[in-house]
Ligand code: ATP
Ligand code: MG
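Numbering (the working numbering), first residue to last: 1466 to 1890.
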């Protein structure tokens, strides 16, 4: 009787030439972490894919769904591993066809490797094809671009039979692109932006600016829930929180009202850049989308960006519409949480008429008048962090600010030497 296993494919990694080994190893490590809740008897490279054999066959569907979320995974197929005979191939192919519903057209593709099995692959195609046509008279054989290809792979003394399987997250294994610091609010956009960069192989350290102590800490809890929703993707390393309310209050008193939003944003990106220095991150990420709100006109993006000293600012959503962003938020599981309202620093001290096309010299003058270096230092002195489990590629920096005890005590366990207070204060 055939046994169900998972075959994970990762075609984009295959394009990476000499780096292929490194990418495969990172993917294996990330898959091992993501699947740590499932007892496995094998997880290893196999025939240009990754083979995952559960101890308990009943868990194979759960394993496939979990593995599909891991960045770098292109597809996950459930395969039937069995013996080498026409009957065994046909029986497994029928199961693989059922698993592939709904579809209309199909073909059979037989392969052999490292095997003394004598039958030619064309003959296997023919015999399995005939068995499938008999079992599924309503399905149509189509050699070019069929909906489903049923693969019969004879390897050594056994066979693996599988259909298309489900689509994976795509992208590249987390950790292979280094670290980024992402400015994370509890809105729709920034969780999606963070996920997109994480999917391209970056380990994401979010920085959240809360309105505490002027507002409650509700947004911090919401952000934490959002990160919990992102946990299956294994891309979040450490959450930083800046209680920003008091700094903002002073900026609101001292700066011109119409420039407040831009000045707050400049302070945020400048502080985030210092966090990136602590973390050794190579870029900042925001959820900005061109023209979405007043602070996201080209003039205002430029006026904000000007406060970043040297790091690139990645804006993966710059050309996306809200509908597309929301669709993605639903897909990755952050939509419901982002729909909840929690006051954060953005709801504080908003001007009645924010500037929509700020002039850079005017913004710079207002910024310099705020003593920005002291302001940034103050923001950093307030910095707190919480470690998020599940990103195996994340390495904590040596110099640490203060751990966020309220959030951490609610079930978050710091990793390694995370309790140490350090020189970043
Ligand atoms: P989002 O854009 O995440 O949906 P939003 O709509 O509340 O949240 P915007 O005004 O669109 O925020 O802000 C643009 C970007 O600035 C956000 O995508 C995010 O990267 C960053 N940002 C805004 N508010 C915060 C915050 N409180 N903490 C961290 N980053 C923030
Ligand atoms: Mg937004």
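Positions of the beta carbon are idealized from the N, C-alpha and C atoms, including for glycine.
Computed from a prediction, not measured in an experiment: that's the story for all the values here.
- Shortest gap from the CB of residue 1661 to any heavy atom of ligand 1: 7 Å or more.
- Within the region 1506–1588, the alpha helix (DSSP H) runs of at least 4 residues that lie entirely inside it are, in chain order, 1525–1533 and 1551–1564.
- Annotation: residue 1824 to residue 1766 spans about 11 Å, alpha carbon to alpha carbon.
- Excluding the 5 residues flanking it on each side, residue 1647 has same chain C-beta neighbours closer than 8 Å at 1655, 1658, 1659, 1662, 1669, 1670, 1671, 1672, 1749, 1750 and 1751, in chain order.
- A distance below 8 Å separates the beta carbons of residue 1505 and residue 1519.
- Each of 1714, 1835, 1721 and 1785 was checked against the Cα of residue 1772, and the nearest Cα belongs to 1835.
- Going by beta carbons, residue 1638 and residue 1492 fall inside the 8 Å limit.
- The beta carbon of residue 1694 lies closer than 7 Å to those of 1798, 1799 and 1802 in the same chain, with the five residues before and after it left out.
- The shortest CA-to-CA distance from residue 1853 to any of 1488, 1622, 1700 and 1578 is the one to 1700.
- In chain order, 1467, 1545, 1547 and 1626 place their CB closer than 6 Å to the CB of residue 1557, counting only its own chain and leaving out the 5 sequence neighbours on each side.
- Less than 8 Å divides the Cβ of residue 1503 from the Cβ of residue 1528.
- With a cutoff of 7 Å, residue 1648 counts as near ligand 1, since its C-beta is closer than that to a heavy atom of the ligand.
- Residue pairing from DSSP places residue 1631 in a beta bridge opposite 1541.
- Between residue 1840 and residue 1727, the C-beta spacing is not below 8 Å.
- Here residue 1788 carries a helix assignment [DSSP, helix/strand/coil].
- Counted as a single uninterrupted DSSP element, the alpha helix (DSSP H) harbouring residue 1656 occupies residues 1654–1664.
- Here residue 1679 carries a coil assignment [DSSP, helix/strand/coil].
- The Cβ atoms of residue 1674 and residue 1707 lie closer than 8 Å to each other.
- In this structure, DSSP gives residue 1623 an extended state, which the three-state scheme calls strand.
- Exclusion of residue 1601 from the 7 Å shell around ligand 1 follows from its C-beta lying no nearer than that to any non-hydrogen atom of the ligand.
- Here residue 1763 is exposed, its C-beta having fewer than 16 other C-beta atoms within 10 Å.
- Taken in chain order, the whole beta strand (DSSP E) runs of length 3 or more contained in the region 1837–1871 are 1849–1852.
- For residue 1773, there is no enclosing beta strand (DSSP E), as DSSP marks it with neither H nor E.
- Here DSSP, grouped into helix, strand and coil, assigns residue 1644 to strand.
- Across the set 1792, 1512 and 1851, the C-alpha of 1851 shows the shortest separation from the C-alpha of residue 1872.
- Annotated as proximal: residue 1533 and residue 1541, with beta-carbon spacing under 8 Å.
- The C-beta separation of residue 1560 from residue 1645 comes to about 43 Å, leaving the pair out of contact by the 8 Å criterion.
- According to DSSP, residue 1610 shares a beta bridge with no other residue.
- The DSSP-derived three-state label of residue 1492 is helix.
- Here residue 1716 is not near residue 1730, since their CB atoms are 8 Å or more apart.
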